[in-house]
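The sequence shown begins at 12 in the numbering used here and counts up by one. Glycine included, C-beta positions come from ideal geometry on N, C-alpha and C. In this text the structure is predicted, and so the values were computed from the model without any measurement.
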Amino acid sequence: MKTMKMQPVLNVEVMKHLTSKCKTEDLRTHVLSYLKANANDLFIGQSILEFPNNVTLHDNVRQIDVCELADGDLAELRNVSNNKCKLESLDQFKVHIHIYMLDPSGLQPEDIDNGSGEPSEITCSSNRCALPSEEFHGLWDSLVFDDNIKQMLLQYAETSMKFSYSKVNSNIISWNRVILLHGPPGTGKTSLCKAVAQKLSIRLRNKYKVAEFIEINSHSLFSKYFSESGKLVQKMFSKIREAVEYEDALVCLLIDEIESLTRAREAVLSGTEPSDGVRVVNAVLTQIDQLKRYPNVLIFTTSNLTGAIDLAFVDRADIKHYIGYPSQTAIFKIFSSCLDELKKSGLVVSDMSCDEQNERLMQACKSCAGVSGRTLRKIPFLTFVKYIPNNAVTIDVFVSALEKTVKDVLVEQKNLITKRTTNGHTEEMMDQ
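Here you go:
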């Protein structure tokens with residue numbers, strides 16, 4: 012029997028203006044017509060910001076992103092001359108158009124009584140925001156990794172939620188909807204969690220009426236009145252359950268620095284903390300387990316200390332992925348995106364060919380091994396602070412100054428390394 016070849020899915024994200032009054036289905040029709048009419052000039056990964064000849068889109072749409080292909084072969088669409096994937100025609104795709112608005116409010120702190128009974132002991136238990144959020148806009152595109160972790164996490168999240176709302180029996184096929192990202196500080200773990208949550212809220216708008224992001228720092232789970240920390244954990248998770256009990260809401264929960272739970276358990280076992288610490292850790296794990304019965308929640312966790320993650324928690328994570336320092340290729344992509352932004356802003360003007368620019372940037376990247384992505388994205392700013400006056404400069408001048416700044420940053424990092432001797436061994440600790 013001949014196997015039917017499925018059409019690749021083309022995902023298109025459409026950001027509406029907050030003032031838009033156009034109905035979603037009407038706008039979807041207009042967008043599809045626009046894409047069909049202009050397919051020959053569109054590429055995978057393209058963002059469309061202007062619609063000069065289309066009044067409806069001009070008045071209602073802030074941005075259209077022609078996103079990734081799912082179940083498709085990009086090689087079949089590759090335009091060799093510019094190394095991009097040209098659409099040419101929409102007939103070969105099953106087009107999924109995702110229409111959304113950004114919430115402008117951003118992350119807001121939520122305080123609760125830490126259980127001590129003293130009015131002054133109020134702690135920030137979490138930060139919350141509606142999704143998709145203006146604060147997270149652009150995060151997805153700004154993150155550069157050496158593997159396909161962004162797409163893999165998005166596929167995992169979409170599959171997890173699909174299994175949940177399809178009511179697959181979790182006793183037969185097990186999944187926990189828990190992700191663990193671990194690796195050095197500054198490598199983009201927390202930002203990646205936020206970016207995936209943002210994407211998911213856009214892609215699943217047909218399944219959930221609203222979406223919310225809740226961020227918890229594990230350190231906030233422990234009161235200085237240690238015996239009261241269990242109550243603090245229960246209060247915080249009771250608020251989370253209030254959110255997930257609304258079936259039409261997608262809830263993305265981020266627990267940052269999950270290794271602090273491990274440290275608490277180890278401190279108890281070593282006798283430096285009261286035994287209540289074990290109960291607190293167990294309470295958190297129990298609360299996470301209880302969230303599993305809600306089909307509309309996804310849990311992201313991060314850790315800066317790979318070797319210090321509690322095995323009891325590791326077993327609960329479906330995805331465990333190490334995020335390391337960027338390679339030279341990833342560094343080049345980061346610096347290229349920064350240079351493109353500076354050129355777009357008029358702070359850097361072109362004075363060389365694209366090939367010459369790439370060659371110069373690649374040279375600057377060679378000395379950046381072991382520098383975090385967070386630091387890399389600060390370097391262009393620091394370059395202007397240290398070496399460039401208020402006037403616009405050429406690419407040649409900018410890259411030369413960039414190379415000087417890289418050397419400065421490496422010297423600063425070396426100076427920040429502190430050596431301490433523990434049990435006769437010298438450990439090097441560096442905070443990036």
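Asked, Found
"Nonlocal neighbours in the same chain, by C-beta distance under 7 Å from Tyr305, ignoring five residues either side", "Val255"
"Three-way DSSP call (helix, strand, coil) for Glu268 in this model", "coil"
"Within the segment 289-371, ranges of the beta strand (DSSP E) (whole runs, at least 3 residues)", "308-314, 330-333"
"Close Cβ partners of Asp152 (< 6 Å) along its chain, the five nearest in sequence each way excluded", "none"
"Where Cys78 falls: helix, strand or coil (DSSP)", "strand"
"Rounded straight-line distance, which links the Cα of Gln301 to that of Glu24", "34 Å"
"Whether Asp362 touches Thr405 by CB criterion (7 Å)", "yes"
"Nearest-angstrom beta carbon gap, Pro115 and Cys209 [assumed within contact, 8 Å]", "With the sequence shown as reference, residue 209 is identified as Gln, and Cys is not the correct amino acid for it. That belief does not hold up - the Cβ atoms of Gln209 and Pro115 are roughly 14 Å apart, past 8 Å."
"Sequence-distant residues of the same chain with beta carbon closer than 6 Å to Ile399, five excluded per side", "Ala412"
"Helix, strand or coil at Glu55 according to DSSP, with G and I counted as helix", "The sequence given here places Ile at residue 55; Glu does not occur at that position. Three-state DSSP puts Ile55 in coil, outside helix and strand."
"Residues near Phe147 by beta carbon distance below 7 Å, same chain, minus five either side", "Lys205, Ala206, Gln209"
"Inside the segment 111-170 only - alpha helix (DSSP H) runs reaching at least 4 residues", "150-153"
"Length of the line joining the Cα atoms of Gly177 and Glu223", "Strictly speaking, residue 177 in this sequence is Ser, with Gly absent from that position. If you take the alpha carbons of Ser177 and Glu223, they lie about 21 Å apart."
"Rounded C-alpha distance that separates Tyr9 from Ile225", "Limits of the chain in this structure are 12 at one end and 443 at the other, which puts residue 9 out of reach."
"Inter-residue Cα distance where the pair is Val66 and Ser348", "31 Å"
"As assigned by DSSP and simplified to three states, the class of Lys425", "helix"
"Collapsed DSSP secondary structure at Lys27 in the structure displayed", "strand"
"Extent of the continuous alpha helix (DSSP H) run through Leu203", "200-214"
"Backbone CA spacing between Glu367 and Leu68 [nearest angstrom]", "38 Å"
"The segment 186-202 touching the segment 332-352, judged by at least three CB pairs closer than 8 Å", "yes"
"Pick from Phe54, Ile75, Ala341, Cys365 that is closest to Cys376, judged by C-alpha positions", "Ala341"
"Chain-order list of residues whose beta-carbon lies under 8 Å from that of Lys27 (same chain, five-residue window excluded)", "Cys33, Leu38, Asn71, Val72, Arg73, Ile110, Tyr111, Met112"
"Inter-residue Cα distance where the pair is Glu87 and Ser338", "Unreliable placement is indicated for Glu87, whose pLDDT of 47 sits below 50; the coordinate value is still reported in the next sentence. Going by the C-alpha atoms only, they are around 28 Å apart."
"CB contact flag (Val244, Ala294, <7 Å)", "yes"
"Collapsed DSSP secondary structure at Asn71 in the structure displayed", "helix"
"Lys355 burial status per 10 Å Cβ neighbour count (16 or more: buried)", "exposed"
"Close-in-space but distant-in-sequence residues of the same chain around Cys263 (CB under 6 Å, 5 per side omitted)", "Ala208, Phe224, Leu309"
"Phe224 (DSSP reduced to helix, strand or coil)", "strand"
"Separation of Gly241 from Arg290, as counted between CA atoms", "7 Å"
"Minimum C-alpha distance to Asp407 - residue among Ser364, Ile390, Asp419", "Ser364"
"DSSP three-state assignment for Ile190, whether helix, strand or coil", "strand"
"Where Leu60 falls: helix, strand or coil (DSSP)", "coil"
"Run of the alpha helix (DSSP H) containing Ser44, from where it starts to where it stops", "35-49"
"Among Asn307, Glu268, Lys415, the one whose alpha carbon lies nearest that of Gly318", "Glu268"
"Same chain only: Cβ atoms within 8 Å of Lys303, ignoring 5 sequence neighbours per side", "Ser181, Asn187, Arg188"
"Closest residue to Asp122 among Glu145, Leu387, Ala50, Ile227 (Cα-Cα distance)", "Ile227"
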